[in-house]
Ligand code: GRG
């Protein structure tokens, strides 16, 4: 059952991170790190575990990749929520890190989570030396100046200058901001399985875009209490989104089309990729 597999993975990633954080010096940074990784859907970590499972990689090994990507994702949310960025007070139904503590702590929590992700990937249990270097280098690229940070910077420039972005520009922005980490998560399984990453890369590119379209739809149609974050922010900021560019109906059709593309990309992986097929649907059909 998909839901059981997702919950089992969410719990395994949570336990793994709490164990790994156990040695941290007690204080607000360690507490903030625990707080920041708690409560999310852990879809990127699940994607890493599931893509690794396709290639029979032991879960104990894949958890290093899953934990690392969840640390990077949590750092990005902590920094994105800061007043100088998206200025949010609610994340996963709880006060954001800079409100629970303060801005300096939130910056340090994000910084520490980012370093911790790479520390995790450098550990012996994460893979052989070549796999660890490949994972580290690919995650640095996906999260850095040519990936997530670039997407975030483009978003900030577009928001502050109220630049009227077109579909191609919004797609490029989102492929960095959201897509790059999702693609890394899927690729991680192929790296650990010493397999051709191309099918999982094609899958993740389609799923990453579909996930972002779903996020734009959720911003318009979702329920803030269920989503655990403020909604209707995009229209308020007059932001170009897939919904503003394609309309609600068009955005839903595009997301469905991308799910079909993602499913087709998994054909070479056969039955082992069944959960990844369901995950593609779940990523667009979610209420939080
Ligand atoms: C600060 C460098 C830097 C980057 C921030 C990820 C990001 C870039 C910003 C988050 C803003 C946002 C709402 C993006 C839309 C898509 C997205 C990443 C949603 C949150 O991911 P989920 O739904 O969150 O997987 P959970 O809480 O389940 O982990």
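Numbering (our numbering), first residue to last: 275 to 562.
We put the beta carbon where it would ideally sit given N, CA and C, even for glycine.
- Measuring C-alpha to C-alpha distances from residue 526 to each of 324, 555, 342, 544 identifies 555 as the nearest.
- Taking 7 Å as the cut-off, the C-beta of residue 371 does not count as close to any heavy atom of the ligand GRG.
- About 6 Å separates the Cβ atoms of residue 395 and residue 338, confirming a contact at the 8 Å cut-off.
- In the structure shown, residue 406 adopts helical secondary structure according to DSSP, grouped into three states.
- Under DSSP, the beta-bridge partners assigned to residue 365 are 368.
- Taking 8 Å as the cut-off, the beta carbon of residue 377 is found closer than this to the beta carbon of residue 356.
- Boundaries of the alpha helix (DSSP H) harbouring residue 385: 377-396, taken from the DSSP string.
- For residue 329, the three-state secondary structure derived from DSSP is coil.
- Going by beta carbons, residue 348 and residue 323 fall outside the 8 Å limit.
- Secondary structure note for residue 302: its alpha helix (DSSP H) is the uninterrupted segment 302-311.
- In this structure, residue 457 lies away from residue 511, with their beta-carbon atoms at least 8 Å apart.
- Per the coordinates, the alpha-carbon of residue 446 lies some 12 Å from the alpha-carbon of residue 516.
- Around residue 480, the same chain offers 532, 535, 536, 539 as residues with beta carbons nearer than 7 Å, after the five sequence neighbours per side are excluded.
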